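For the first sequence, counting from 1, position 126 maps to 126 in UniProt numbering; every step adds exactly one. Here a beta-carbon is modelled for each residue, glycine too, at the ideal position from N, C-alpha and C. Bear in mind the structure is a predicted one, so any value in this text is a computation, not a measurement.
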Amino acid sequence: MMLANDQDEEGLGSTAYNAEAGRVDVRFADSISLKTTALVIAASDKAGMKGAPRDRINEIIARESKGSLFMQRAHHLAEKDGEKIQSLLQRLNEKDDQSDNWRVSMCEDTIDPQLERYRSQRKKVSTRVVVDLDSFFISCHILDNPELDESPCCVGGPKMISTSNYKARRYGVRAAMPGFIGQVLVKELSGGSECLTFVKSDFKLYHSKSAEVKAILQEYDKTLKMCSLDEAYMDIESYLDAYFSITEGDRDHAAITKRMSNSDDDRPPLQEMASILEIKEVTKNLLHSIRKRVHRETGLTCSAGTASNFMIAKIASDMNKPNGQVFVGPSEEEIRTFLSPLSVRKVCGVGRILEKFLRATLGVVTVADLYAKRAEVNFLFKPATAQFLLRVSIGYSEDSRRESEGGERGDDESAQRKGMSGERTFQPTDTWSDLCVKLESIATRLAKDIQSKGLKPRTIGLKVKLANFNLLTRTNTRQVALFQQAGDGSTQTLVDIAVKLLRDVKRAFVEEHKDKAGFMVRLLGVRCSNFRLERETQPSILQFQKNACDVQLDQLEPGHPLETSAGLSST
DNA sequence: GCGGATCAC
DNA sequence: TATGGTGATCCGC
1 MMLANDQDEE GLGSTAYNAE AGRVDVRFAD SISLKTTALV IAASDKAGMK GAPRDRINEI
61 IARESKGSLF MQRAHHLAEK DGEKIQSLLQ RLNEKDDQSD NWRVSMCEDT IDPQLERYRS
121 QRKKVSTRVV VDLDSFFISC HILDNPELDE SPCCVGGPKM ISTSNYKARR YGVRAAMPGF
181 IGQVLVKELS GGSECLTFVK SDFKLYHSKS AEVKAILQEY DKTLKMCSLD EAYMDIESYL
241 DAYFSITEGD RDHAAITKRM SNSDDDRPPL QEMASILEIK EVTKNLLHSI RKRVHRETGL
301 TCSAGTASNF MIAKIASDMN KPNGQVFVGP SEEEIRTFLS PLSVRKVCGV GRILEKFLRA
361 TLGVVTVADL YAKRAEVNFL FKPATAQFLL RVSIGYSEDS RRESEGGERG DDESAQRKGM
421 SGERTFQPTD TWSDLCVKLE SIATRLAKDI QSKGLKPRTI GLKVKLANFN LLTRTNTRQV
481 ALFQQAGDGS TQTLVDIAVK LLRDVKRAFV EEHKDKAGFM VRLLGVRCSN FRLERETQPS
541 ILQFQKNACD VQLDQLEPGH PLETSAGLSS T
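Shown next, in the form of structure tokens:
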């Protein structure tokens with residue numbers, strides 16, 4: 001199993017790879033209520049489960065979740081989705097009543113020319129690669145502790161699972177599932193013979209293994225981007241360029257990398273140095289040997305997808321998991337053949353909700369359906385979503401040539417980051433003093449992180465999750481950023497603002513709910529964003545003094561000092 | 001700018 | 001005993 005052989009098209013059981021299996025009768029758009037549990041569970045339909053007894057798994061999950069506050073909310077949300085779906089259907093009907101030709105003209109006039117422009121911009125070669133480490137977290141632990149893999153195990157605890165091994169997945173145990181349900185699944189489906197093992201997460205370990213993998217992959221693309229600890233986005237075009245520019249006998253990895261670093265001299269484009277077929281062969285072999293190297297040097301297996309853009313490469317990387325790879329050629333036909341039968345849910349960016357809306361309003365399940373209904377899609381969805389879905393329908397993504405020209409100099413930090421936050425879940429409580437203590441702890445820890453990164457946020461946000469899982473947020477944007485100077489009291493200010501926001505939220509809540517009270521909270525979070533840019537022009541001395549004055553005024557706002565662990569008046 | 005939603009991992 | 005944490009984006013105010 002550890003051997004790197006890609007059993008192409010094998011594995012990946014019943015999910016969307018099969019066009020027919022993906023097809024679901026659509027006419028139940030109105031009988032939402034009975035289906036809600038199914039719709040919630042349907043999220044567990046991704047990769048990994050081979051001969052899993054899906055029906056029994058769903059039964060058990062439904063039984064164990066029944067009546068929980070979490071599920072109650074899920075049902076409530078599903079009902080609201082149902083209403084939205086009805087209103088969309090209505091809009092579609094009205095459109096049809098008023099014109100019976102609008103689809104054709106919309107395609108001819110706007111959509112198809114646009115899609116044709118996209119097609120003409122496609123890359124001519126498949127050099128984008130997504131490498132994805134297989135069940136990364138738990139695999140890291142298994143390296144140190146191989147016996148773990150002999151039985152179902154996962155990283156996480158009774159509350160939440162973050163990754164499971166493949167033995168566990170066969171019982172339906174997967175990421176984002178509460179651990180206690182996983183335990184029941186394993187117990188019942190194994191007839192009591194097996195038990196789910198929990199392993200505590202160890203992010204130091206993950207970071208270190210991830211860095212090992214990154215170092216290897218960087219030899220093939222210096223500019224690769226790690227999108228997360230277990231996912232690398234790379235472009236092997238330069239590597240292939242160097243490969244083909246070396247005469248056949250001398251092509252080894254050392255020579256190629258040397259050639260790569262030496263030269264940015266203009267070579268002819270890749271597709272002129274070799275035939276498409278030749279490139280394909282070389283690429284497949286290259287990915288093979290990269291994966292073998294990763295395995296040999298880190299002990300981890302990974303899966304890879306190669307295509308002419310990252311959207312397709314990402315999907316392809318998931319196709320033959322674990323320890324497999326898929327190559328999708330650059331031609332229009334290869335792309336269509338690959339994508340058409342796939343569930344739209346496979347596409348990064350199409351989540352549970354969008355999938356549901358597409359299916360319930362238009363009967364769209366596969367990418368081919370999406371293309372067939374492109375006029376309806378364009379009419380029904382918001383501009384950004386519609387544009388995105390149209391691109392998906394033909395498998396186009398632009399993969400913006402990044403490498404920020406901003407020329408970030410030494411600090412590659414801060415420049416890109418949009419926000420930083422901390423949050424924590426706890427036993428639901430409505431005790432004001434407890435909430436303040438927790439909030440202060442979260443905010444001060446966040447303050448440290450902010451400072452250590454040298455960030456200067458202007459916007460402070462509070463996030464509150466009630467015991468019934470309802471989410472509330474409040475933000476406050478200030479004229480003057482926090483943390484501009486060490487020791488300027490920003491940490492305390494952050495805490496104070498957070499507490500003030502919490503009081504606002506609570507006030508609004510009791511206002512709205514009058515008699516039925518219970519501001520029961522299960523999570524608090526603080527977020528900093530809207531960072532003052534590093535390269536921003538420094539304020540003049542005068543300006544600076546004015547700003548310093550603002551800080552003073554801000555801190556003396558009415559309601560100050562605010563209660564924290566020290567002062568505890570309830571509102 | 002704000003608050004709610006959605007999405008990925 | 002009972003469903004996470006972090007970061008990002010979009011929409012309609």
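- Boundaries of the alpha helix (DSSP H) around S289: 276-298.
- Rounded to the nearest angstrom, the gap between the Cα atoms of R291 and M177 is 29 Å.
- Proximity to Q218 across S135, E64, V130 peaks at V130, based on C-alpha coordinates.
- In the DSSP annotation of this structure, the continuous segment of the beta strand (DSSP E) that includes F198 starts and ends at 197-199.
- The residues R128, N309, F310, in chain order, have a CB closer than 7 Å to that of D399 in the same chain once the five nearest residues on each side in sequence are set aside.
- Counting only runs of 4 or more residues that sit fully inside the region 72-158, the alpha helix (DSSP H) segments are 102-106, 112-120, 136-144, in chain order.
- Here I460 is bridged, per DSSP, to N476, C528.
- Inter-residue distance for S68 and R474 is about 27 Å (C-alpha atoms, whole angstroms).
- Between I142 and C154, the C-beta spacing is not below 8 Å.
- A contact is defined here as three or more CB-CB pairs under 8 Å, and the region 422-434 fails this definition with respect to the region 475-495.
- Residue ranges of uninterrupted beta strand (DSSP E) with 3 or more members, entirely inside the region 293-369 and ordered along the chain, are 302-307, 325-327.
- If one requires a minimum length of 3 residues, no beta strand (DSSP E) run lies completely within the region 372-400.
- Residue pairing from DSSP places E423 in a beta bridge opposite G525.
- Rounded to the nearest whole angstrom, the CA to CA distance from Q479 to T444 is 21 Å.
- Contact annotation: T306 and S126 have beta-carbon atoms nearer than 8 Å.
- In this structure, S441 keeps its C-beta atom at 8 Å or more from the C-beta atom of R527.
- Proximity to C348 across S164, N323, K314, E194 peaks at K314, based on C-alpha coordinates.
- Pairing T223 with P152 gives a Cβ-Cβ distance that is not under 8 Å.
- K209 places its beta carbon less than 8 Å from that of C140.
- With respect to the 8 Å criterion, L390 and V367 are not classified as neighbours on the basis of their beta carbons.
- Of the candidates R424, V377, F519, V377 places its Cα closest to the Cα of V344.
- Exposure of I353 is indicated by the presence of fewer than 16 other C-beta atoms within 10 angstroms of its C-beta.
- In the structure shown, the three-state DSSP call for D235 is strand.
- K500 counts as buried, since at least 16 other C-beta atoms from the protein chains shown sit within 10 angstroms of its C-beta.
- Contact between the region 276-287 and the region 237-254 is established, with three or more Cβ pairs separated by less than 8 Å.
- Using a Cβ distance threshold of 8 Å, L133 and L286 do not count as a contacting pair.
- Under DSSP, M226 shares a beta bridge with A232.
- Closest in alpha carbon position to G156, among R174, G329, N323, is R174.
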